[in-house]
Every structure is written in C-alpha cells, then in structure tokens.
Amino acid sequence: MSEKTTIYTEEQKQLARYAKAMAHPVRMFILDFLADNIDKCCYSGDMAEELPIARSTLSEHLKELKKAGLIQGEINPPYIKYCINKENWEKAREQFTRFFQK
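Using the numbering used here, read the sequence shown as starting at 1035 and increasing by one per residue.
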C-alpha cells in the first residue's frame, strides 16, 4: 500500500480547528464576551449568569475553545478564570483575513 500524501498546509489545518471551535452560537457568545473584556480575565460563573445553559454545558464549550487555543484558563481554586489567548486570537484573525481576501 502506498502512503497518502497530505495536501493540506499547517495553516489550513489550524484555520479548520479555529472554525470548528467557533461553529456554535454559545462559543461565539463566549468569544464575544471575552473579547469585550480582552484586557482582563473572566470567571466562568460570570458567563454562566449571562447564558441560559447548565454550567456543565458551558464547561464543555470552554474546553473546546481552549483546545483550539482561542482562550486560556487560569485555575484559582475553586474558580477558573478565562481570557482570550491574545497570540492565537491575532493569529486566527490574520489567517481568516488572508483566507477571505482571496
């Protein structure tokens, strides 16, 4: 059997990870919420008060955004503070801009 050659660039793979992570309205709300507070971090409880979903559901959405690298969390027991991962946020912005300018 021959090995398949991957034709996707690393940037295409990363852009797909960002897009997949953002492909839910709750996650877009979270990103909006955190982007509005970009110079400070927010506790998940702050977002839970704004969203009509269970805290466990919110936690799953936060986990997906963190896995994609769009947000970061700081554990301060018993709470977790989340904020935009500024480096990856800028990288995502640049990659989406390049993609949509084609």
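A virtual CB, placed ideally from N, CA and C, is assigned to each residue, including glycine. From a predicted model like this one, the values you see are computed outputs, not experimental measurements.
In the DSSP annotation of this structure, Gln1048 is not part of any beta strand (DSSP E); the continuous alpha helix (DSSP H) holding it starts and ends at 1044-1055. Counting only runs that start and end inside the stretch 1055-1084, there is no beta strand (DSSP E) element of at least 3 residues. A distance of 9 Å or more separates the beta carbons of Leu1085 and Tyr1116. About 5 Å separates the beta carbons of Gln1129 and Leu1049, which is inside the 8 Å limit, making them a contact pair. For Asn1071 and Thr1039, the gap between their C-alpha atoms comes out near 43 Å. In this structure Leu1099 is not in contact with Arg1127, their Cβ atoms being roughly 15 Å apart against a cut-off of 8 Å. Judged by DSSP in its simplified three-state form, Gln1106 adopts strand. Distance from the Cα of Asn1119 is smallest, within the candidate group Phe1063, Ile1041, Lys1074, Glu1044, for Lys1074.
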